[in-house]
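According to the numbering used here, the sequence shown holds residues 1492 to 2259 in order. No residue lacks a Cβ here, since even glycine has one placed at the ideal position from N, Cα and C. Note that the structure is predicted; figures quoted are calculated from it, not measured.
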Amino acid sequence: MTISDTNVDKLVAQLTLEEKASLASGSDYWSTKAVDRLGIASLELADGSHGLRKQRASADHPGMTGTHPATCFPPAVALASTWDVDLLGRVGAALGREARARDVAVLLGPGVNIKRSPLCGRNFEYFSEDPHVAGQLGAALVRGVQSEGVGTVVKHFAANNQETDRMVVSSDVDERTLREIYLNAFETVVREAQPWLVMASYNKINGVWSCENPWLLRSVLRGEWGFTGAVVSDWLAVNSRVAGLAAGLDLEMPGAAGNDERIVAAVRDGSLDEAVLDDAVLRVLRLVEAHEEAGRAHPAIEPGTHDDAHHELARAAAADSIVLLKNDGDILPLTGSDLTIGVVGEFARTPRFQGAGSSQVNPTRVDNALDAVTAAAQRTGSRVAFAPGYRLDGADPTAAPVTDPATDLVAEAVEVARTADVALVFVGLPDGAESESYDRQHIDLPAEQDALVRAVAAVNPRTVVVLSNGSVVSLEAWHDAVPAVVEAWLLGQAGGGAVADVLFGAVNPSGRLAETIPLRLSDTPAYLNYPGEGGHVRYGEGVFVGYRHYQSTGREVRYPFGHGLSYTTFDWSELATEVAADGAVSVSVLVTNTGTTAGKDVVQVYVAPPSRPVRSPARELRAFAKVDLAPGESRRVRLTLERRAFAYYHVGAGQWVVAAGDHEVQVARSAADVVLSATVGVTGDAAPADLTIDSTVREWLEHPVAGPALMQGFAATGETGDGSDQSTMAMIAPMPLRRVSRLPGVPVTEEQLEGMVAQLRQAMGLTP
Ligand code: BGC
């Protein structure tokens, strides 16, 4: 018997209170509980976002090691740089197939938290500093996984943007910032891709645990966004199980001793409504049902069936993740023959291809760049000489650099570089430098690696730096001394081949930065507020995260959000915009590959708002598209800006509001490089105002209807001031209305004002 033989709604009624309580938490670290007498099976959940992490035997420990081999796709930091929703869908489907082959019902990913600071230890698991990129790519991955009948868990909901004190800290964020930045990507994924589950995060938001937050889980997630799936806790995140259930936390993972009994007791003593438990159980049963249905709809897969194909997909995804940051004199690609190619850096031989923590995959195989570069060199009649340059052992997990002076290693590397036609220097962050559970303290590479790059560049002007890192690092120690820099992130198990593909031009790089590379850590917007103190982290920079900060303050960066070079050139022309009846704006631009190499370009569309009642970023990314063009080929790229793309979140009104006026639609190569722009007149929403006698004169006068009506009211009492005396108005404008009545010479009493305000509020449809 399976549960689909019975209607799940009816099944809830057949469960005892104890059975219902049991279904609201895990039986072990990875599985939900079964109820055998009713044919309710247990479900298995497993990490993660860029590869399956299913542990081999007993399921009673976190399974950090000893997991089944699985394809390690590029982590989110890399996938995000592809800006390619189709590719993310294909990677998602592959993840789904591997989960299905091992009977895993639900994958614990993707993570769509915003990269608030480059220091966050888990940035490699997240997509971007921009919620549009994170939302679109997260939704694509979810759709891909779920197309294979495997559920996803979008995580970590919400405002979980640091690892320092992640299990206790309160993220103190104003509501507009939450809505516009930190909830936004979750909203997109929920609305556009319907993940099976959402994972409530460890932290508190404004003092309330995410797992016990009815505003977050009920009002916003379910009420406003229409989420119909289940909410699961992050692992061990639950404090009060009963409060969590009441707030909308359906499933606690893993289970905690005593919590089933606490739920039963709370229902019995009336402190928890049984209907709330029923609702949670229903959502869990629907997951079991969906898994069973998927089993019928999809053929069984033998583990390992797709290993070769998935490795190839991982390589293609990795190649498209690489961002060519700098390429002076077109030093890349390496097209010559009979070259001596100096390869320097242990990372070329021992790749770092994923980050540490719960997302860590046991790869089916691992390619390294040294072998791939050697093979590619041989094909073109060139040779490779290798020197490790530094050692990777002994790396300090708190990101302190390896301290081995390694002078002989550097000397050897310099000799290899000196006699080479081109030097490829592989540097990056050691394994322990960035991880789940702790943050970085700085954004520097290990000091001896910086020194190595300088030493190599001093003897070989044709030096190419290839970076391995899960979040941005400072390039300042050597940037101007080298002609080319390749940002190769953490690329997954096939990254070695992908790097060679890009270096030799088999793949034309098309990655674009999904996070800004700053000049220095102290320039980053959260610098003074991160990671907080006394149990609180204040999101003091508000909506000015990432490029929103740099573009609004004019602060220089090393490489802006959206930046990335190609081996070909693209021309953009004929920007056209059209406003539809529903307020959506269609944007189109003609993209032409004007070079001699096929390549992919990324069209980025930003909106720069007119003056608004709220301080707003200079521009915000609202749409993007990736287009693949043969040499000489042109294509018209069409994108749509829904009305929401022009809106800000009005906290007082509790809704998205568009300010009337000319918005500039900017088509850009990066946040700092607008190529074409068009002005679009957008009709505004009447900003809903909750005006009271304690609102200021300015707030009243700003209201298009209430302001003039109030002035008329004043005139009717004999007060003839028409507001034309500017300095008097400037003095009065910031005063609450009630206090104006107390000014000497003002003939309106407080009672008269109260009457006027009551009448006006009634006319505006506001409750008295
Ligand atoms: C992480 C989650 C992960 C879970 C299960 C937690 O520590 O925050 O991202 O899915 O463990 O491994």
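Inter-residue spacing [alpha-carbon to alpha-carbon] between Ala1721 and Ala1525
Using only the alpha carbons, I get a separation of about 17 Å.
Where Leu1861 falls: helix, strand or coil (DSSP)
Here Leu1861 sits in helix by DSSP.
Pull up the distance between the alpha-carbon of Val1990 and that of Val2149, whole angstroms please.
Their Cα atoms are separated by approximately 44 Å.
So which of Ser1724, His2141 and Gly1961 has the shortest CA-CA distance to Leu2004?
Closest option to Leu2004, judged by alpha-carbon separation, among Ser1724, His2141 and Gly1961: Gly1961.
At the level of alpha carbons, what is the spacing between Thr1573 and Val2196?
Each residue's CA atom was taken as its position, placing Thr1573 and Val2196 some 48 Å apart.
Is the beta carbon of Ser1513 less than 8 Å from the beta carbon of Asp1751?
Yes, Cβ-Cβ distance for Ser1513 and Asp1751 is below 8 Å.
Among the candidates Val1775, Glu1780 and Ala1737, whose CA atom is the shortest distance from the CA of Ser1762?
Of the candidates Val1775, Glu1780 and Ala1737, the residue whose Cα lies closest to the Cα of Ser1762 is Ala1737.
Three-way DSSP call (helix, strand, coil) for Ser1690 in this model
Ser is not the amino acid found at residue 1690; the sequence shown has Met there. Three-state DSSP puts Met1690 in a strand.
So, is Val1893 buried or exposed, given that buried needs 16 or more other C-beta atoms within 10 angstroms?
Caution applies to Val1893, whose pLDDT of 46 falls short of 50 and renders its modelled position unreliable; the model cannot decide the point.
Residues bridged to Lys1695 by DSSP?
Under the DSSP definition of a beta bridge, Lys1695 partners with Ser1661 and Trp1700.
Under a Cβ-count criterion, where at least 16 other Cβ atoms within 10 Å of its own Cβ denotes burial, should Ala1791 be classed as buried or exposed?
The residue in question, Ala1791, is exposed, as its Cβ has fewer than 16 Cβ neighbours within 10 Å.
Among His2054, Ser2001, Thr2044 and Thr2059, which one has its Cα closest to the Cα of Pro2108?
Closest option to Pro2108, Cα to Cα, is Thr2044.
With H, G and I counted as helix, E and B as strand and the rest as coil, what does DSSP make of His2054?
Of the three classes helix, strand and coil, the one that applies to His2054 here is coil, per DSSP.
Can we count Ser1926 as close to the ligand BGC, meaning its CB is less than 7 Å from some heavy atom?
Flag unset: Cβ of Ser1926 not near the ligand BGC.
Is Ala1676 buried or exposed, if buried means 16 or more other CB atoms sit within 10 Å of its CB?
So Ala1676 ends up on the buried side.
With burial defined as no fewer than 16 other Cβ atoms inside 10 Å of the residue's Cβ, what is the status of Gly1717: buried or exposed?
It is exposed - the Cβ of Gly1717 has fewer than 16 other Cβ atoms within 10 Å.
Can you name, in chain order, every residue of its own chain whose Cβ lies under 6 Å from the Cβ of Asp1887, other than the five neighbours on each side?
Confidence at Asp1887 is low in this model, with a pLDDT of 44, below 50, so the placement of that residue should be treated as unreliable; the coordinate-derived value is given next. Cβ neighbours of Asp1887 beyond the five flanking positions: none.
Cβ-based burial, Leu2019 [other Cβ within 10 Å; buried from 16]:
By the neighbour-count criterion, in which a residue is buried when 16 or more other Cβ atoms sit within 10 angstroms of its Cβ, Leu2019 is exposed.
Test item: CB-CB of Tyr1881 and Leu1861 under 8 Å:
No. Outside cutoff.
For the alpha helix (DSSP H) containing Glu1803, list its first residue and its last residue.
Per DSSP, Glu1803 belongs to the alpha helix (DSSP H) from Asp1798 to Ser1812.
When you measure from the CB of Trp1726 to every non-hydrogen atom of the ligand BGC, does any distance come out below 7 Å?
Correct: Trp1726 has its Cβ closer than 7 Å to the ligand BGC.
Measure the beta-carbon distance from Leu1768 to Val1775 and round it to whole angstroms, keeping in mind my assumption that it falls under 8 Å.
Rounded, the Cβ-Cβ distance is 11 Å, inconsistent with contact.
Rounded straight-line distance, which links the Cα of Ala2072 to that of Leu1506:
Going from the Cα of Leu1506 to the Cα of Ala2072 covers about 51 Å.
Does at least one heavy atom of the ligand BGC sit under 7 Å from the Cβ of Asp1538?
The ligand BGC approaches Asp1538 closely enough that one of its heavy atoms is under 7 Å from the residue's Cβ.
Which first and last residues belong to the alpha helix (DSSP H) in which Gly2090 is found?
First-last for Gly2090: Gly2090 to Ala2099, but that is the beta strand (DSSP E), not the alpha helix (DSSP H).
Starting from the Cα of Ala1800, find the closest Cα among Leu1816, Phe1564, Asp2062 and Phe2137 and give me that residue.
Cα-wise, what sits closest to Ala1800 is Phe1564.
Cβ neighbour criterion (16 or more within 10 Å) applied to Asn1999:
It is buried - the Cβ of Asn1999 has at least 16 other Cβ atoms within 10 Å.
Whole-Å CB distance - Gly1698 paired with Ser1638, under 8 Å assumed:
About 39 Å separates the two Cβ atoms, so there is no contact after all.
Classify Gly2246 as buried or exposed, calling it buried when 16 or more other Cβ atoms lie within 10 Å of its own Cβ.
With fewer than 16 neighbouring CB atoms inside 10 Å of its own CB, Gly2246 falls in the exposed class.
Just to confirm the assignment: which complete beta strand (DSSP E) runs, minimum length 3, are found wholly within the segment 1829–1860?
Within the segment 1829–1860, the runs of beta strand (DSSP E) at least 3 residues long that lie entirely inside it are, in chain order, 1831–1835.
Those residues which DSSP pairs with Gln2146 across a bridge:
Residue pairing by DSSP places Gln2146 opposite His2141 in a beta bridge.
For Ala1550, collect the residues of the same chain with a Cβ closer than 7 Å to its Cβ; drop the 5 residues on either side in sequence, then sort them by chain order.
Because the pLDDT at Ala1550 is just 45, under 50, the model does not fix this residue reliably, and the point stays unresolved.
Determine the burial state of Ser1540: buried for a count of at least 16 other Cβ atoms within 10 Å of its Cβ, exposed for fewer.
It counts as buried.
Helix, strand or coil at Leu1610 [DSSP, three-state]:
Coil.
Run through DSSP, which three-state label would Leu2012 get?
Under the three-state reduction of DSSP output, Leu2012 falls in the helix class.
Closer than 7 Å to a non-hydrogen atom of the ligand BGC - does that hold for the CB of His1647?
Under cutoff, so the answer is yes.
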